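Residue numbers (my numbering), protein chains in the order written: chain R, 319 to 738; chain E, 16 to 240.
Cβ atoms here follow ideal geometry from the backbone N, Cα and C, with glycine treated the same way.
Keep in mind that this is a model prediction, so the values were computed, not measured.
First up is the structure itself, then whatever we jot down about it.
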């Protein structure tokens, strides 16, 4: 018994260490894509972006990150097979974390367009299928997740298209775009605030100690939406208009208003990213910790909130150490994405990703954002999109899955060799 | 530093370079007025200065044209068709090429107009330059068009500008007819080769306005997609 608990202690430490490594990687790289859209359109400064990202990544991970973490933790594997040998699962999950973090690091250094979500799913499926057996994989969940990877960019593309079209009709294509921007802008903010808080409250607040009934949920969501809209209205009223710039470009001041509103969509993006991608680090970590604490695989229990907290902290550290540099580089390169476009793309991405988080489906925030940008492009809103890059990004699905799997199988055998 | 695929997603916008190219063309075209003034005042220095300026603009525009073509690969997904863009670019380039030919001919043949043609030809040249200026202004609306997603009021606004461009072009046509009539009455008193080249000068000047008009029509096609 003495020996066993020592081993378990090691598992616990390794889980937190690898989980932090993975979360750090997500914060250093993945978050940049979520935040750079706002920085690139000069809507927010890098400092503001960091503060927004830190707060809302954390909030998203902590308040709405539980469902996806659960899917990652136990959705892809057959629980009964691992009930008999929980240690296998511990090795596998540790190996997956290490594999995904390593692959992420390599890809980041090389500039390959990989997604953390695809890497960790590939890694988990890989170790289960190769290290244990094909029957150890819950192929149904894997299938639905893979389908969602096709649909999430598609759906967010359609939403972005519609949002941008509505901006054209209500604001841009009117006699007085500036006044209409001031008039309608807050409604969009209300929509985002309402939608995100409704989904979050419905699913995630039990572990924070809040339990509400249906009507209360709706009322609180509406209230949050209204508060967001009013905050937006106040900030918009403080915008200083530039008549000189307006002469050169008739929409200069409209874009200024949208730049302010992008503060909110940037927050929504960070929240969405936190709610979905933190799970990539937290899910496997939670599985190992569960085994270490109880000695068996606990399928029923939800992810403990302190584990979500570890993931959130890791992301913020990654953001502060390396992420801000990535945001700066990316941000300086995507000036083509003006505030109205960025606004449309971010609303679409945030809504799609938070919906996926609500359903417990791990999706790639980056791919969803790419879909949204394409959607704006279809509305003739972007000067030029490089389709070869789009192709490369979606090709990365194909490469990342086996790469993650291969690495995780390697680490799985390595860990088994060490512990047995 | 890690690269980002989101950043790579955005191709280089063709709109700004296209506008800059047209601005360069217009800056050269403006010197046609100086050239004709020089002819009418028999000022050799002014003529060669104008010629110089036009040739320089033509070179600069040529470099810009090549740059833009290189930055417009086939894999780009754009709000306007790639072919339309390249056609507009080519037509813009034609304008300044035409001006270079005009200036070259005037300098090479030491051309002078008959006194009775001078005021009208000056006016004619000014209208042709005005057509190019109007085309430049239309091209300058491209970023506003992009902002509205090529629809609605902004499109109407551009359509109005295009109508104005057509109106200017028609004025140049009228000038052209009158100039030809005057030249016809003078034919017998002038050297045959001078007559021939003066007809050519009138025609080439008219092409400047025609090409400006063609830039506009091509843009109209883009709007109609």
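In whole angstroms, give me the CA-to-CA distance for residue 581 (chain R) and residue 511 (chain R).
The count along the first chain starts at 1 and reaches residue 581 (chain R) at position 263. The count along the first chain starts at 1 and reaches residue 511 (chain R) at position 193. Taking the straight line from one Cα to the other gives about 12 Å.
Cross-strand partners of residue 455 (chain R) (DSSP beta bridge)
For the purposes of this step, residue 455 (chain R) is taken as residue 137 along the first chain, with counting starting at 1. According to DSSP, which records beta bridges pairwise, residue 455 (chain R) is partnered with R:395.
Within the same chain, show all residues whose beta-carbon is closer than 8 Å to that of residue 563 (chain R), passing over the 5 residues directly before and after it, in chain order.
One-based indexing of the first chain puts residue 563 (chain R) at position 245. These residues qualify, in order along the chain: 570 and 571.
How far does the alpha helix (DSSP H) with residue 184 (chain E) in it reach, from first residue to last?
Taking the second chain and counting its residues from 1, one reaches residue 184 (chain E) at position 169. From DSSP, the alpha helix (DSSP H) with residue 184 (chain E) extends over 168–201.
Enumerate in chain order the residues of its own chain whose CB-to-CB distance from residue 446 (chain R) is below 6 Å, with the five nearest sequence positions on each side excluded.
Numbered from its first residue, the first chain carries residue 446 (chain R) at position 128. Close CB contacts of residue 446 (chain R) within its chain, under the 6 Å cut and outside five residues either way in sequence, are with 395, 454 and 455 (chain order).
For the putative contact between residue 278 (chain R) and residue 393 (chain R), defined by C-beta atoms under 8 Å, what is the C-beta separation to the nearest angstrom?
In this structure chain R extends from 319 to 738, so residue 278 (chain R) is not present and cannot be described.
Does the segment 692–704 of chain R come close enough to the segment 536–545 of chain R to have 3 or more Cβ pairs within less than 8 Å?
With the cut-off at 8 Å, the segment 692–704 of chain R and the segment 536–545 of chain R do not touch.
Using 8 Å as the limit for Cβ to Cβ distance, is residue 17 (chain E) near chain R?
Here residue 17 (chain E) is taken as the residue at index 2 of the second chain, counted from 1. Its pLDDT being 48, under 50, residue 17 (chain E) is placed unreliably by the model, and the measurement read from it follows with that caveat. The C-beta of residue 17 (chain E) comes closer than 8 Å to at least one C-beta of chain R.
Residue closest to residue 195 (chain E), alpha-carbon to alpha-carbon, out of E:172, E:53, E:65 and E:221
Taking the first residue of the second chain as position 1, residue 195 (chain E) is located at position 180. Looking only at E:172, E:53, E:65 and E:221, the smallest Cα-Cα distance to residue 195 (chain E) is reached by E:221.
So which residues of chain E does residue 670 (chain R) contact, with C-beta pairs closer than 9 Å?
The residue labelled residue 670 (chain R) in the question sits at position 352 within the first chain. By Cβ distance, chain E contributes nothing, its closest Cβ being about 16 Å from residue 670 (chain R), past 9 Å.
How about residue 20 (chain E): is its C-beta nearer than 8 Å to some C-beta of chain B?
Looking at the structure shown, chain B is missing, and the protein chains on hand are R and E.
What does residue 488 (chain R) reach in chain E if we use C-beta pairs closer than 9 Å?
Position 170 of the first chain holds residue 488 (chain R). Simply none; closest approach about 11 Å.
What are the residues that DSSP puts in a beta bridge with residue 92 (chain E)?
Within the second chain, numbered from 1, the residue matching residue 92 (chain E) stands at position 77. Partner(s): R:703.
Just tell me which of R:575, R:630 and R:585 has its CA closest to the CA of residue 312 (chain R).
Nothing about residue 312 (chain R) can be read from this structure; chain R reaches only from 319 to 738.
Please report whether the beta-carbon of residue 83 (chain E) lies at a distance below 8 Å from any beta-carbon of chain R.
By one-based count along the second chain, residue 83 (chain E) stands at place 68. Among the CB atoms of chain R, none fall inside 8 Å of the CB of residue 83 (chain E).
Tell me the DSSP bridge mates of residue 376 (chain R)?
To locate residue 376 (chain R), count along the first chain from 1; it is residue 58. Paired residue(s): none; residue 376 (chain R) is not in a bridge.
Can you give me the C-alpha to C-alpha distance between residue 677 (chain R) and residue 669 (chain R), rounded to a whole angstrom?
Numbered from 1 along the first chain, position 359 holds the residue referred to as residue 677 (chain R). Numbered from 1 along the first chain, position 351 holds the residue referred to as residue 669 (chain R). Distance between the alpha carbons of residue 677 (chain R) and residue 669 (chain R) is about 12 Å.
Three-state class that DSSP yields for residue 136 (chain E) in the structure shown:
Along the second chain, one-based indexing puts residue 136 (chain E) at 121. Residue state, collapsed to three classes: helix.
Quick one: does residue 166 (chain E) have its CB under 8 Å from some CB of chain R?
In the second chain, counting from the first residue as 1, residue 166 (chain E) sits at position 151. Cβ-Cβ to chain R under 8 Å: yes for residue 166 (chain E).
Rounded to the nearest angstrom, what separates residue 77 (chain E) and residue 101 (chain E) at their Cα positions?
Stepping through the second chain from its first residue, residue 77 (chain E) is reached at position 62. Stepping through the second chain from its first residue, residue 101 (chain E) is reached at position 86. When rounded, the distance between both Cα atoms is 13 Å.
DSSP state of residue 165 (chain E) mapped onto helix, strand, coil
Position 150 of the second chain holds residue 165 (chain E). It is coil, neither helix nor strand.
Distance, residue 674 (chain R) Cα to residue 17 (chain E) Cα:
Position 2 of the second chain, counted from the start, is the residue given in the question as residue 17 (chain E). Position 356 of the first chain, counted from the start, is the residue given in the question as residue 674 (chain R). Only weak support is given to the placement of residue 17 (chain E): the predicted model assigns it a pLDDT of 48, under 50, and the question is left unresolved by the model.
Can you give the Cα-Cα distance for residue 232 (chain E) and residue 207 (chain E), rounded to whole angstroms?
Position 217 of the second chain, counted from the start, is the residue given in the question as residue 232 (chain E). Position 192 of the second chain, counted from the start, is the residue given in the question as residue 207 (chain E). Rounded to the nearest angstrom, the two C-alpha atoms are 37 Å apart.
Tell me whether the segment 344–359 of chain R and the segment 584–591 of chain R touch, counting them as touching only if at least three CB pairs, one residue from each stretch, are closer than 8 Å.
Contact between the segment 344–359 of chain R and the segment 584–591 of chain R is present, because at least three Cβ pairs lie under 8 Å.
Complete runs of the alpha helix (DSSP H) confined to the segment 679–735 of chain R [at least 4 residues]
Entirely contained in the segment 679–735 of chain R, the alpha helix (DSSP H) runs reaching 4 residues are, in chain order, 683–696.
List, from N- to C-terminal side, the alpha helix (DSSP H) runs of 4 residues or more that fit wholly inside the segment 405–465 of chain R.
Whole alpha helix (DSSP H) segments, 4+ residues: 434–444.
Between the CA atoms of residue 153 (chain E) and residue 61 (chain E) - distance to the nearest angstrom
Walking along the second chain from the start, residue 61 (chain E) turns up at place 46. Walking along the second chain from the start, residue 153 (chain E) turns up at place 138. Answer to the nearest angstrom: the Cα atoms are 31 Å apart.
Residue from R:565, R:364 and R:664 with nearest C-alpha to residue 644 (chain R)
If you number the first chain from 1, residue 644 (chain R) lands on position 326. It is R:364.
Is the beta carbon of residue 632 (chain R) sitting closer than 8 Å to the one on residue 421 (chain R)?
Looking up residue 632 (chain R) in the first chain gives position 314. Looking up residue 421 (chain R) in the first chain gives position 103. Taking 8 Å as the cut-off, the Cβ atoms of residue 632 (chain R) and residue 421 (chain R) do not count as close.
Identify the residues that DSSP records as bridge partners of residue 482 (chain R): which are they?
The residue given as residue 482 (chain R) occupies position 164 in the first chain. Partner(s): none; residue 482 (chain R) has no beta bridge.
For residue 211 (chain E), does the count of other Cβ atoms within 10 angstroms reach 16, so buried, or fall short, so exposed?
What you label residue 211 (chain E) is simply residue 196 of the second chain in a count that begins at 1. Residue 211 (chain E) should be labelled exposed.
Note down, one range per segment and in chain order, each alpha helix (DSSP H) of at least 4 residues found wholly within the segment 587–654 of chain R.
With a minimum length of 4 residues, the continuous alpha helix (DSSP H) runs that stay inside the segment 587–654 of chain R are 597–612, 623–636 and 642–651.
Does the Cβ of residue 612 (chain R) have 16 or more other Cβ atoms within 10 Å, making it buried, or fewer, making it exposed?
As a working mapping, residue 612 (chain R) is identified with position 294 in the first chain. Answer is exposed; the Cβ neighbour count stays below 16.
Is residue 117 (chain E) close to chain R? Criterion is C-beta to C-beta, closer than 8 Å.
If you number the second chain from 1, residue 117 (chain E) lands on position 102. No, residue 117 (chain E) lies away from the interface with chain R (no Cβ there is under 8 Å from its Cβ).
Please report how far the alpha carbon of residue 287 (chain R) lies from the alpha carbon of residue 484 (chain R), in whole angstroms.
With chain R covering only 319 through 738, there is no way to say anything about residue 287 (chain R).
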